[in-house]
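Comments concern the structure below.
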Amino acid sequence: MSSALAVEGIDVFYDASQILFGVDLAMRAGEIVALLGRNGAGKSTTFKAIAGIAPPRRGRVRFGERDLAGLPPHRIARAGIGYVPEDRQVFPEHSVEDNLAIGAKPGPAGQRFWTISTVYEVLPELHRLRARAAGRLSGGEQQMLTIARALMGNPDLLLLDEPTEGLAPVVVERIMALLHRLRTMGMTVLLAEQNMFFCVDVADEIVIIDKGQIVHRDTAERLSQDEEIKRRYLAV
Amino acid sequence: MNLDAFAGCLSSASCLITQTSAGLIIGMLLFLVACGVTLIFGVLGVINFAHGAFYMLGAYLALTAYQLTDSYLAAVLCAAAGVGLFGVAFDRLFMSRVYNSNVLMQLLVCYAFVLILDDAVKMIWGAEFQSMGMPAVFALRPLHVFGGLVPPFYVFLVAVTVAIAIALGGLIERTLFGKIVRAAAVNRQMVSALGINTSLLYASVFGLGALLAGAAGALAAPVRSATPGMGVSILIESFIVTVIGGMGSIAGAFTAAVLLGLVRSFGSIGFPLFTDGLMFGLMVIVLLIRPQGLFARGSA
Amino acid sequence: MTAHLAIADLVKHFGGVVATDHVTLDFPPGSLTAVIGPNGAGKSTLFNLITGRIRPDGGQVLLDGADIAGLAETAIVARGIGRAFQIASLFPSFTVAESLAAAILAHRRQTHRMLTRFPLAAARGRADEVMHLVGLDAHADRLAQHLSHGDQKLLDIALALALDPGVLLLDEPTAGMGRDERWQIIETVHRLWSARRMTMIFIEHDMDIVFKIAQSVRVLKYGRVLAEGTPAEIRDNDEVIAAYLGARYAKAAP
Amino acid sequence: MLALLACVLTLLIASALGSKPLIDTLMRLAIFGLYAVSLNILVGYTGLVSFGHAMFFGFGAYAFGLLMQTGVTSLPAAALASLALSAALALIVGALCIRLADIYFSFLTLAFQMLLHAVILSWVSLTGGDQGLQGGIPRPRFLGINLADPWQVFVVTTVVFFASLLAIRTILQSPFGYALRMVRDNAPRAAALGLPVQRYKLAAFVIAGLFGALAGILMALYVSGAYPNFAFWTLSGEGMFMIMLGGIGVFLGPVLGAAIFLLLNDTVTRFTEYNGMVMGVVLLVVVLGLRQGLLDVVMARLRPR
Amino acid sequence: MVDSGFGRPVFGSPGRRSVLKAGLVAGATLSMPFVARGASKQPIRIGQPSILSGRLAQLGISSRNAAQMVVDAFNAAGGLDGRTIELISRDSKGKPDEAARVVRELINNDGCQIILDSEASSGAFAVQEVVRETGTLCIHADSETTSLTADPKIRAPNAFRCARQVLHDSIVGGSYAAGIAKAQGLKRWMTCSPDYVYGRDSSSEFLDYLKMFEPSVEAVGATWPKLFAPDYTENVTRILETKPQALYSALYSGDLVSFIDQGNLYGLFDQVKFFAINMADYTTLHAVKKLPAGIYSCNRYLSTFPATKSNAEWSAAYDKRYNVLPLNWAWQNALAMQFLVEAIKKTGSDDGKVLAGALRGMTVESPFGAKGTVTMRAEDQTIVDYAIGWGVTIPQAPFVEGMQAADWTVIAARETEWKKQKGWA
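Structure follows, in C-alpha cells:
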C-alpha cells in the first residue's frame with residue numbers, strides 16, 4: 002500500500018473570507034484518520050479542498066506521487082479519491098441503483114473490485130431499496146447510499162464528511178460496522194466528525210481542527226483520555 | 026374573428042381530422058427544434074438563442090448534401106452531424122466562457138452568433154431562397170383517413186419525430202448517459218466529484234441539442250424554402266413551446282408543441298388574422314399562472 | 184421582568200421536515216444571549232421566522248407583547264428588529280457611507296424621494312455616527328465589495344444598527360475569520376451592546392466567545408430547545424455535552 | 179447645470195458646422211441614447227433584465243403618431259397623452275411581470291412585447307399594419323416652434339434629450355435611485371432593511387417605460403411615422419447591445435454604447451452588406467474579451483481601491 | 009462637476025466627458041467625407057436605399073444589379089458631357105427607420121442629388137417622408153402599394169414610382185380570372201395571401217374586380233399565413249376544408265415556394281385552380297422543384313413576355329453579367345434608371361426640379377412596355393403601359409405559356425373609376 006495523502010499548508014478562501022489557515026494533514030495507506038472539530042471549524046472545507054471543489058489558494062495536496070491541488074474534481078476523483086459530502090447529496094430523482102451506476106468507474110489502477118453486486122453484498126439494504134427514488138430514502142439510508150456510491154468509483158482513499166450527522170444511534174452503529182469492515186478490506190479513510198465517541202471507536206488517529214487550523218493530533222485511545230483537550234476543543 | 030367557421034369545423038369530422046392532423050404536424054416540427062432548446066436549458070441552464078440559427082444551418086447543409094448525393098437520408102445525417110459538431114465547437118469555444126456569467130452575457134453571445142451565422146449563410150449559399158424539393162420516395166398522393174387528408178411525407182415526419190422523442194426520452198431516462206445528464210442538471214459539482222468530466226458532458230449535451238436543431242432543419246427542408254434569417258420565426262415559436270411546456274422538460278415540450286400546433290390549426294379557422302397573437306397570449310397566460318411551465322422538470 | 188422579545192410555541196415545517204419544533208424562548212430587555220447548537224439545529228431558521236423572511240406554521244413571536252408572527256418582513260423591520268447575516272449581506276457597489284445612508288433612508292421611508300440628492304443631510308450625519316460606532320470611519324468611501332472580510336461583517340452589523348433597532352439579531356458574526364479578527368469583531372459587538380443596552384441575540388460556534396460575552400445561552404438541537412441558562416450552567420449540562428459529543432456514546436465514555 | 183451647458187454646446191457646435199449629416203447623427207444618437215439609458219434604468223440600476231423594452235418605444239411612437247393623425251391639434255398635448263398612456267401600459271405590464279423572478283421576468287416581458295407587435299401587425303385599420311403609420315405626422319406649430327423645420331426638430335430633440343438625461347440622472351441620484359440600486363445589489367437585504375422591494379421594481383419599470391416611450395415619440399417625429407419593428411424584439415436586443423457596449427455601471431455608458439452602435443452600423447453599412455457579421459464579431463469581442471462595457475472598464479481602472 | 013455626496017464623482021468626470029466628445033468628433037468626421045470633394049466634373053450621384061441583407065436580400069441585389077447595368081451603359085457612352093453617374097447602393101436591412109436614415113445619409117452625406125428607392129413598401133413610405141422634407145428627386149422602383157402615388161395625402165411632387173401596382177395587377181387579374189371562371193364554371197373562390205397590407209390589398213382588390221367582371225362568383229373564405237411563415241399546413245388544410253373551386257394567392261418568393269411544396273403534399277393543386285399572381289418570376293419558378301402544371305400566374309418578369317427581341321436580349325445580357333436570371337425588381341429598376349438617364353440627357357441637367365419636370369409625362373422605349381413604350385403618367389407620377397399578362401405554368405422552360413396581354417384602356421378606365429370612389433381623383 003503505497004498511496005498516502007499529504008495535505009501541506011493549504012489556505013482556502015470563500016471569496017474574501019479565509020476558512021483554512023495553513024492546514025497540514027498526513028496519513029498512511031490503510032489508515033482511518035478522523036478530523037474532529039466543532040461546527041464551522043473547517044472540516045468540510047478541508048474535504049472540499051482535497052476533492053477539488055474548493056481549490057486551495059496556497060499549499061499542496063499530495064496523493065501518492067502527484068500534487069492534486071488545483072485539478073478539477075473529476076481528475077481528483079479519477080486519481081482515486083472518493084468523496085462523500087456532508088449533506089449527502091444523493092441525486093434525489095434517481096433510483097438507488099441509478100445513483101450507484103452514476104458513481105461506477107474503475108479505480109486509478111484499473112481495479113473493479115466494487116461493483117453493484119459487491120456493494121449490495123456489503124450493504125444488503127440498498128439491494129432491497131434499489132428501485133426507490135433516493136430522495137425518498139431516510140437519512141441513514143441516504144448516508145449508506147452516498148458511501149456506496151463513492152465506493153463504486155473504486156477509490157484508494159475515501160473522504161467521509163460527518164457520516165453520522167443527524168442519524169439515529171442505531172444507524173450510527175451500522176455505519177460504524179461498515180467502517181470496520183472497510184478497514185479490514187484495507188481501505189484508507191479520512192473521516193470528519195463532531196462525534197468524539199464515534200471517532201474513538203473507528204479511527205486509528207484523531208486530528209483536531211479548530212478555527213481553520215490543526216491544533217492537535219494523537220491516537221484515538223490517548224485522546225479519549227485527555228479531558229483538557231476534549232473540553233477545550235470539542236465540548237462546550 | 027370567424028366563430029361560425031370555427032363552430033362549423035368543430036362539428037365536421039373531416040375538418041376535425043384534417044385540422045387535428047395539421048396541428049400534430051405543425052407541433053412535431055416545432056417540437057424538433059424546441060426539444061434542443063429545452064434539453065440545453067434543462068441541463069446547462071443556458072437559453073440558447075442561437076438555436077434558430079442552428080436550424081437554418083441544418084437546412085442549408087441538408088440542401089447541399091442532397092444536391093451532392095441525391096440521397097435524402099445522407100442529407101439528414103449530414104446536417105445533423107454537421108450542426109452537432111458545430112454545436113460542440115460553439116459550446117467549447119464560446120458558450121462555456123459565459124456559463125458562470127449572467128443571462129445577459131449568454132444572450133449576447135448567442136445574439137452575436139445569430140448575426141454572424143445569418144451573414145455567413147448568405148456568403149456561402151447566397152441571398153436567394155432555395156428549395157430542396159420533395160425526394161422521390163415521398164412524392165406520393167395524400168392518404169385519406171376518415172375523410173381527412175394526410176400526406177405520406179408528414180406521416181414520415183411525425184413518425185420520425187415521435188421516434189426521436191421516444192429515443193430522446195429513452196436516452197435521458199434509461200441510459201447511463203441520460204442518468205448522468207439528469208444528475209448533472211441537478212448537481213453538477215457532485216457529478217464532477219464522482220469522476221465525470223462535466224465540461225465534456227456539457228459540450229456533448231450542447232452538441233446533441235444542436236444536432237436535433239440540424240436534423241429539424243434537414244427534415245423540414247423538403248417543404249420549407251431556405252433563406253438567410255429563416256431561423257428567427259422558428260426560434261420564437263420554439264421558445265413559446267419551451268416556456269409553456271416548462272423549461273427543461275422533454276415531455277412538456279412535446280405536449281406544448283402539440284398544443285401550439287392545435288392552436289395554430291384551429292386558430293386559423295376561428296381567428297385567421299391573429300394566430301400569432303393567440304400564441305403569445307397563451308405564453309403570457311401560462312407565465313402568469315404557472316411561470317415554471319406546465320411540466321416543470323418532468324422527465325428531463 | 185417582561186420579555187422584550189418572546190417566542191411561543193413556534194413551529195415551522197419544510198416539506199416533511201420539522202425545522203422548528205414548538206420552540207418557546209424569551210429574551211429580556213437589554214439582554215445579550217447566545218444561541219448555539221449543531222448544524223441543522225434550526226438556529227438560522229429561528230432568525231428567519233423572527234424577522235418575517237419566512238412565515239411560521241404556528242405559534243407566536245411577541246415583540247413588547249404584540250404578536251408579529253406572519254407580518255411582512257418590512258413591517259417587522261419597521262418595529263425595530265435589525266439583523267446581520269452569517270455571510271455578510273451587503274450592497275457590493277455601495278461605499279460604506281452610501282450603504283449606511285441608504286439603510287437609514289429605507290428605514291425612515293424616505294427612499295421614495297426622487298428629486299432630492301442622495302443622501303439627505305440627516306441620513307448622512309446618522310451614517311457617520313454608525314460608522315464611528317463600529318469603527319469603519321476610515322473606510323467610509325470604499326466600496327463594500329472591496330472591504331476585507333472582517334470589515335464586511337462589521338458593515339453588515341452596521342447596516343442593522345443603522346435602523347436603531349431595539350432587538351439585534353447576529354447570525355455567526357465571526358464566521359470565516361481568523362483568530363485575531365474574531366476577537367476584534369466580538370469586542371465591537373460587546374461594546375455596542377454595553378453602550379446601547381439593546382436586546383442582542385447572536386448565533387455562535389466559537390465557545391470561547393460564547394462563554395466570554397454571553398449573559399445567557401440557549402441550546403437548540405433538531406429544532407427543539409435543548410437547554411437554556413447561564414454560560415456556567417450550560418457548560419456543566421450533561422445533556423448539552425452529550426449533544427455535542429454524541430448522545431449514545433456519552434454514557435459509555437470513560 | 180452641466181446638462182444645460184452640454185445641451186447649449188451641442189446646439190452651438192451643430193449650428194456652427196451647419197452640417198445636416200451631423201444633425202441627423204446627433205438626433206439618432208439622442209433618440210437611441212435616451213432609449214438605451216431608459217433600458218439601463220432597469221438592467222443596470224434595478225437589476226431587471228427586460229427583453230421587451232422596445233414595447234414602450236413602439237407604443238410611444240404609435241400612440242403619438244396616431245393621436246397627431248387623428249386630430250389632436252396640440253403637439254405637446256399629444257406627447258403628454260402618449261406618455262400617460264405608456265405609463266399606464268407600463269404599470270399594468272410591470273405589475274404582472276415583476277411578480278416573476280429572473281429569466282421568467284425576462285420571458286414575460288418578451289411575450290408582452292411580441293403580443294403588442296402582433297396587435298400592431300393585425301390591427302391594420304388603426305396602425306397601417308406592416309407598412310406603419312403612413313402619410314407623415316402633422317406638426318402644427320406650438321409656442322412659436324415649427325417642427326416642420328428640421329433644424330427646430332433637432333433643437334427640440336436635443337433639449338428633450340438633455341432634459342431627460344438630467345431628469346433620469348436626478349432620479350438615479352436621489353434616495354429613490356439608491357433604493358433601486360439596493361434592489362439590484364441585494365434585494366433580500368434591502369427587504370431586511372425595510373424596503374418594499376416589489377413597489378420599487380414596479381416604479382422603476384414605469385419610469386423606464388416612460389422614458390422609453392419618450393424616445394419612441396422623438397423617433398416618430400424624426401422619421402415622421404411609426405413602424406412595427408419599433409416594437410419588435412430585435413430593437414430590444416439592440417438596446418441590450420448598446421448598454422453592454424458602453425457599460426451598464428456608468429450613467430452615460432448607454433449613451434456611449436448607442437453612439438458606438440450607430441457609428442459602427444452607419445460606417446459598416448457604407449462598406450459592406452455583411453453588417454451582421456461585423457456587428458456580431460464586435461459583440462463577441464466585447465462580451466468575451468472585455469466582459470463588460472467600455473466605460474465600465476474605464477471606471478474600473480480609474481477607481482482607487 | 010457634480011458629486012454624489014461622498015466625494016465620488018459620478019456624472020461628467022473628465023474621463024467620460026472626453027470619451028463622449030471624442031465619439032462625437034469621430035462621428036462628425038466619419039460623416040463628412042464629401043467636404044473634401046472636388047468640384048469639377050463631379051459625377052451625378054444617385055443614392056439607392058435597398059434591402060441587401062436578411063430574408064429579402066435578393067430584392068435589393070437584383071435591384072442594384074439592374075440599375076448598375078444602365079448606369080454603366082450611360083457612363084460608357086460618355087455620360088453627360090463627361091460627367092458620369094455614380095450609383096451608391098446601401099443596405100437598410102428592411103427596416104423602415106433604417107431606410108429613412110440611409111436616405112438622409114445618402115442625400116446629406118454622400119451628396120446624392122437623386123434617390124432611386126429600391127425598398128419594399130414599408131421602407132418606401134419612410135423614404136417618401138424623407139424626400140418630402142428634403143425635396144430630393146426620388147423614384148420608387150419596388151413598392152407596389154397603390155396609395156404611395158395614388159393617395160393625394162401621401163404623394164409628393166418630387167417623388168415618382170416606376171413599379172407595377174397592386175391595383176393594375178388586380179384589374180388585369182380580375183378580368184383574366186373572370187374569363188376562366190366563366191369558361192370553367194368556377195364559382196367558389198378562396199384567397200390565401202400573406203397577412204400584411206400588400207397581401208390584404210391584393211386579395212380584396214382582386215376579388216372586387218373578379219366579381220365585377222364575373223358577378224356569379226362568390227368568395228367562400230380566406231386564410232392568412234403570416235409573412236415568412238415557415239409552415240403553411242394549417243392554411244392548406246383550411247383550404248381543403250372549405251373546398252373552393254379556385255384559389256387566389258399573393259404569396260411570393262420563398263413563401264410561395266414553401267406553400268406550393270406543402271400544398272403539393274396534400275394534392276391541393278389537383279383539387280383547385282390556383283391563381284398565384286407572383287408565380288412567374290424566375291427564382292420562384294426555378295426554386296419549385298416540381299412545378300405543378302396549370303398554375304395561373306401574372307408575369308413578374310419573363311424573358312418571353314413581351315415576346316420581343318429587345319426583352320430577350322436584355323434578359324440575356326443580365327444573365328451573362330450576373331450569372332442569374334433577372335427578377336421583377338430588376339426590370340423595374342432598370343426602367344427607373346432609364347427614365348432618369350433619359351431625363352438627364354434630355355435636359356442636360358442634374359437638378360431635381362428640372363428632371364422632375366422632364367419626367368412628368370415622359371415616354372421611353374422599353375422592352376418592358378406593353379407596346380414597346382412605357383409612360384410616366386403626369387397626373388400621379390406613376391408608370392403605365394408596362395407589360396402585364398397572365399398565362400399558365402408548365403414544368404419546364406419557358407415555364408409559362410399562353411400569355412394573354414392586358415388591355416391598358418380597360419385598366420385606365422377602371423383605375424379612374426376606382427380613384428373617384430376613393431375620392432382621390
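Protein chains in written order, with the working numbering: chain A, 2 to 237; chain B, 26 to 325; chain C, 184 to 437; chain D, 179 to 483; chain E, 9 to 433.
Glycine included, each C-beta is placed from N, C-alpha and C at the ideal position.
Whole-number beta carbon distance between D/PHE449 and D/PHE419, since they are thought to touch under 8 Å:
Incorrect: roughly 20 Å between the Cβ atoms, too far for contact.
If we cut at 8 Å on Cβ distances, does D/ILE421 have a partner in chain G?
Note that chain G does not occur in the displayed structure, where the protein chains are A, B, C, D and E.
Run through DSSP, which three-state label would E/LYS328 get?
E/LYS328: helix per DSSP, three-state reduction.
4 or more residues per run - each alpha helix (DSSP H) lying fully within the region 123-205 of chain A
List check, alpha helix (DSSP H) in window: 125-129, 140-152, 170-185, 197-203.
Comparing alpha-carbon positions, which option in D/VAL227, D/LEU182, D/ALA478, D/GLY387 lies nearest B/VAL128?
Distance check between B/VAL128 and each of D/VAL227, D/LEU182, D/ALA478, D/GLY387 places D/VAL227 closest, using alpha-carbon atoms only.
Does the beta-carbon of D/GLY458, which I'm using as the reference point, lie nearer than 7 Å to any heavy atom of the ligand NAD?
No copy of the ligand NAD appears in this structure; indeed no ligand is present at all.
Would you say E/ASP269 faces chain D, with C-beta separation under 8 Å as the test?
Taking Cβ atoms only, chain D never reaches closer than 8 Å to E/ASP269, which makes this a no.
Taking Cβ-Cβ distances below 9 Å as the criterion, which residues of the region 193-205 of chain D are in contact with chain E?
The region 193-205 of chain D vs chain E, Cβ under 9 Å: LEU195, SER197, LYS198, PRO199, LEU200, ILE201, ASP202, THR203, LEU204.
Under a Cβ-count criterion, where at least 16 other Cβ atoms within 10 Å of its own Cβ denotes burial, should E/ALA30 be classed as buried or exposed?
The predicted model places E/ALA30 with a pLDDT of 44, which falls under 50 and marks its position as unreliable; any figure quoted below should be read in that light. By the 16-neighbour rule on beta-carbons within 10 angstroms, E/ALA30 is exposed.
Residues that B/ASP116 contacts on chain D, provided the C-beta gap is smaller than 9 Å
Correct list: empty, because the minimum Cβ distance to chain D is about 13 Å.
Quick one: which unbroken alpha helix (DSSP H) runs of 4-plus residues sit fully inside the region 262-337 of chain E? Chain order, please.
Counting only runs of 4 or more, we get 276-279, 290-295, 317-330.
Could I get the ranges of all uninterrupted beta strand (DSSP E) runs contained in the region 345-396 of chain E, with 3 residues as the minimum, in chain order?
Given a length threshold of 3 residues, each whole run of the beta strand (DSSP E) inside the region 345-396 of chain E is given here in chain order: 371-373, 381-385, 390-392.
Output yes or no for whether 8 Å exceeds the beta carbon distance between E/LEU60 and E/VAL79.
In this structure, E/VAL79 does not lie closer than 8 Å to E/LEU60 by Cβ.
I'd like to know if the region 364-383 of chain D and the region 95-114 of chain E are in contact, where contact means that at least 3 CB-CB pairs between them fall below 8 Å.
No, the region 364-383 of chain D is not in contact with the region 95-114 of chain E.
Short-range partners of chain E found in the region 35-47 of chain B, where Cβ spacing is below 7 Å:
Correct list: CYS40, THR43, GLN44, ALA47.
Among the candidates C/ASP311, C/LEU288, C/THR228, whose CA atom is the shortest distance from the CA of C/TYR405?
Distances from the alpha-carbon of C/TYR405 to those of C/ASP311, C/LEU288, C/THR228 put C/THR228 closest.
What are the start and end residues of the beta strand (DSSP E) that includes B/PHE79?
Not the beta strand (DSSP E): B/PHE79 falls in the alpha helix (DSSP H), residues 76-94.
What do you reckon, are the CB atoms on B/MET215 and A/GLN90 nearer than 8 Å?
With contacts defined as CB atoms closer than 8 Å, B/MET215 and A/GLN90 qualify as a contacting pair.
Are the C-beta atoms of B/VAL309 and some chain D residue less than 8 Å apart?
With 8 Å as the cut-off, B/VAL309 counts as an interface residue toward chain D.
Please give me, in chain order, every unbroken run of the alpha helix (DSSP H) with length at least 4 that falls completely inside the region 325-352 of chain D.
Complete alpha helix (DSSP H) runs here, min 4: 328-351.
Please report whether the beta-carbon of D/VAL361 lies at a distance below 8 Å from any beta-carbon of chain E.
Chain E contact via Cβ: absent.
Under a three-way DSSP split, which group does E/CYS146 fall into?
If DSSP states are grouped into helix, strand and coil, E/CYS146 belongs with the strands.
Determine which residues share a DSSP beta bridge with A/ASP12 and list them.
Paired residue(s): A/ARG59.
Report back the beta-carbon spacing between D/VAL459 and B/ILE141 to the nearest angstrom; my notes put them in contact at under 8 Å.
Rounded, the Cβ-Cβ distance is 7 Å, consistent with contact.
Beta-ladder partner(s) of E/CYS200, from DSSP:
In DSSP, E/CYS200 forms a bridge with E/THR231.
Three-way DSSP call (helix, strand, coil) for D/ARG362 in this model:
Three-state result, D/ARG362: helix.
Assuming contact is defined by CB atoms lying nearer than 8 Å, are B/GLY77 and B/VAL257 in contact in what I supplied?
Contact flag set, yes.
Of the residues C/SER399, C/ILE417, C/PRO221, C/ILE424, which one's Cα is nearest the Cα of C/ASP209?
Closest in alpha carbon position to C/ASP209, among C/SER399, C/ILE417, C/PRO221, C/ILE424, is C/SER399.
Between the alpha carbons of D/ASP484 and E/MET287, how many angstroms are there, rounded?
The structure shown does not extend to residue 484 of chain D, since chain D is modelled only from 179 through 483, so no value can be given for it.
Within the continuous beta strand (DSSP E) that includes C/ASP192, where are the two ends?
Secondary structure note for C/ASP192: its beta strand (DSSP E) is the uninterrupted segment 188-197.
Which two residues bound the contiguous beta strand (DSSP E) that contains C/ALA410?
Run containing C/ALA410: 407-412, per the beta strand (DSSP E) assignment.
Enumerate in chain order the residues of its own chain whose CB-to-CB distance from C/LYS226 is below 6 Å, with the five nearest sequence positions on each side excluded.
So the list reads VAL218, GLY220, ILE386, LEU403, once near-sequence residues are dropped.
Measure the C-alpha to C-alpha separation of E/SER257 and E/ASP289 and round it to an integer number of angstroms.
Between E/SER257 and E/ASP289, the C-alpha separation is close to 15 Å.
Evaluate B/LYS204 with the Cβ neighbour count: other Cβ atoms within 10 Å of its Cβ, from every protein chain shown; 16 or more gives buried, anything less gives exposed.
The residue in question, B/LYS204, is buried, as its Cβ has 16 or more Cβ neighbours within 10 Å.
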